[in-house]
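Have a look at the structure below before the remarks.
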């Protein structure tokens, strides 16, 4: 039996451009008129590649503006990016990324002779992406696109998964992409152009498409090879296919989608039916199945819908998790597969609570953040406002790891800790646990969960490595108490990470505007240094998490491969219950 090892990806490309993105910001608007007319007057769904490229090239490079952007990025990184200095250190074995001192490399961008502004923005975004930190990236509302390929799947041979333009190509082998071996093209792209993990195997999976459960249905996730954030250099891409020993070469134009990118749902899973699994509870953001003699729990990213009261939604999220687990316990289920594949993260507190529901005595990962003149101003300013308790800069949002109680004062939280990272000694706040009691559920009180009959040997966590942020906190904490893990996809016989981006909170430069309003005495020159142009947003990891078992180990730089590895094949790529059956055998 041949080895099956690759994940899924899709074939037809789209770019998403919102109308507001294309309001020109300079006087040379002629090249953008076609796009504005498309959006305003046409029923067409796509914009021509040449029109988009011409519009981009109508905005010349301005070195003065570029210098201001670089300085603002540097100021934000040096003040708040908690992983900045450790990024200079060599990666742990198992990871694949280059160590980098990004601050001087940012300055080097200004030495390039750009013709157009978008070239500079692309290079800046790519350089930040080389940190391989899913929490840290640069986005621009002027130069943001979505490419969306609709149709290929990868196995030991690369095969067409779904092709909405030509169904006759489904299950054909993809031999070459742009006349190069397909596996080499995908691997090179994952290595150089994706930032979703420090583990190349996870980035490889993210370059492709795979199924995920989310918001009451199954959809297609990842596919970064074909869902790009930058305009490709060429207007088309070619695929050489082997269809029943008949070689065919097809060329697909990159298509730029107007306005909202459509949500693509799985054509292979209809409603709540997943193979032979029996659905016993559908909580919309979680599902509970029985299959053979074991249970399966699917959990969506822990993010809640902002359209309603977050407190109420979080409350119902947790109570639904308790209810679903109780149903499994009442049915006498002995083993559970916790499927966290393609979980994009979200609410850290919810992840903590899920862990405590399963194992009441579990302790969270300790965290800290940088201490410097800027962060101290934010900590002091936010902490003076009682209504901001729960914010990452409020000292009451944390519990001291030394006393296991709230900090007595702002100075107590700031502390006097220093560590050497990247050859530089830096100050950090006192190590602390997130004080989850500061995250209220309004007037609602969570019920006390029953004592469930399972121990750590009765669970196995299944992911494809794309278990990100709060999902990583959930899964890696359970792994530290010896819950088994299995990762699916990646490269053959190369164990890889079951979770990625384990650091605590992500901040964006947009969020600082609300902080500036809170801080009455903040220096206006400091605000200007941290502020990016309105069309740019910088995101970054604001505090780091440490292992409980190894207290000096920063999780984001810790290579933690899954205990076991599975591979997608033609059946399991379309029916995750096949993976559930394989996964549970590891804990029999």
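Residue numbers (this note's numbering): 272 to 859.
Using N, Cα and C, we set each Cβ at its ideal position, and we do this for glycine too.
Distance, residue j Cα to residue i Cα
i	j	result
residue 634	residue 663	19 angstroms
residue 660	residue 368	37 angstroms
residue 449	residue 509	5 angstroms
residue 213	residue 303	This structure cannot speak to residue 213, because the chain is shown only from 272 to 859.
residue 764	residue 456	20 angstroms
residue 862	residue 844	Since the displayed the chain opens at 272 and closes at 859, residue 862 lies outside it and no answer follows.
residue 426	residue 771	Here residue 426 scores only 47 on pLDDT, less than 50, and its place in the model is too uncertain to base an answer on.
residue 316	residue 440	24 angstroms
residue 750	residue 756	7 angstroms
residue 728	residue 590	24 angstroms
residue 828	residue 437	43 angstroms
residue 795	residue 525	45 angstroms
residue 494	residue 396	19 angstroms
residue 818	residue 806	37 angstroms
residue 830	residue 766	11 angstroms
residue 309	residue 502	18 angstroms
residue 343	residue 394	16 angstroms
residue 666	residue 686	11 angstroms
residue 622	residue 569	14 angstroms
residue 516	residue 540	29 angstroms
residue 642	residue 776	16 angstroms
residue 348	residue 407	10 angstroms
residue 311	residue 434	30 angstroms
residue 577	residue 584	Residue placement at residue 577 cannot be trusted, given a pLDDT of 47 that sits under 50; what the coordinates show is reported in the next sentence. Spanning the two alpha carbons is a distance of roughly 9 angstroms.
residue 847	residue 837	12 angstroms
residue 511	residue 518	7 angstroms
residue 628	residue 618	16 angstroms
residue 768	residue 546	27 angstroms
Burial state of residue i, where buried means 16 or more other Cβ atoms lie within 10 Å
i	result
residue 522	exposed
residue 430	buried
residue 861	For the chain, the structure presents residues 272 to 859; residue 861 sits outside this window and is missing.
residue 737	buried
residue 669	buried
residue 335	exposed
residue 330	buried
residue 680	exposed
residue 821	exposed
residue 801	buried
residue 482	buried
residue 361	exposed
residue 409	buried
residue 689	exposed
residue 812	buried
residue 655	exposed
residue 760	buried
residue 500	buried
residue 717	exposed
residue 520	exposed
residue 694	exposed
residue 465	buried
residue 363	exposed
residue 691	exposed
residue 823	exposed
residue 537	buried
Cβ neighbours of residue i in the same chain (closer than 8 angstroms, five flanking residues each side left out)
i	result
residue 672	637, 701, 702, 703 and 704
residue 863	A question about residue 863 goes unanswered here, because the residues of the chain that appear run from 272 up to 859.
residue 797	645 and 648
residue 321	506
residue 543	550, 553 and 558
Contact set for residue i: own chain, Cβ-Cβ below 6 angstroms, skip 5 residues either direction
i	result
residue 487	555
residue 842	849
residue 781	808
residue 514	443
residue 762	472
residue 870	Within the shown structure, residues of the chain are numbered from 272 to 859, placing residue 870 beyond reach of any answer.
residue 624	589
Close-in-space but distant-in-sequence residues of the same chain around residue i (CB under 7 angstroms, 5 per side omitted)
i	result
residue 337	381 and 391
residue 773	743, 744, 747, 816, 826 and 827
residue 345	374 and 377
residue 600	723 and 724
Cβ-heavy atom distance, residue i to the ligand ATP, below 8 angstroms
i	result
residue 375	This structure does not include the ligand ATP; it has no bound ligands of any sort.
Those runs of the alpha helix (DSSP H) which lie wholly inside the segment 727-788 and span at least 4 residues: As far as the segment 727-788 is concerned, its whole alpha helix (DSSP H) runs of at least 4 residues are 741-750.
Touch test, the segment 674-690 against the segment 724-744, Cβ-Cβ under 8 angstroms, three pairs minimum: These segments do not touch.
Any 3 or more C-beta pairs closer than 8 angstroms across the segment 366-384 and the segment 393-404: Yes: at least three Cβ pairs fall under 8 angstroms.
Uninterrupted beta strand (DSSP E) stretches inside the segment 667-724 (no shorter than 3 residues): Correct list: 669-671, 688-692, 695-699 and 703-705.
Alpha helix (DSSP H) runs contained entirely in the segment 426-479, provided each spans 4 or more residues: Entirely contained in the segment 426-479, the alpha helix (DSSP H) runs reaching 4 residues are, in chain order, 453-464 and 471-478.
The segment 687-700 touching the segment 346-356, judged by at least three CB pairs closer than 8 angstroms: Taking 8 angstroms as the limit for Cβ pairs, the verdict is that the segment 346-356 does touch the segment 687-700.
Touching by the beta-carbon criterion (3+ pairs, under 8 angstroms), the segment 607-626 and the segment 556-568: In this structure the segment 607-626 touches the segment 556-568; the number of beta carbon pairs closer than 8 angstroms is three or more.
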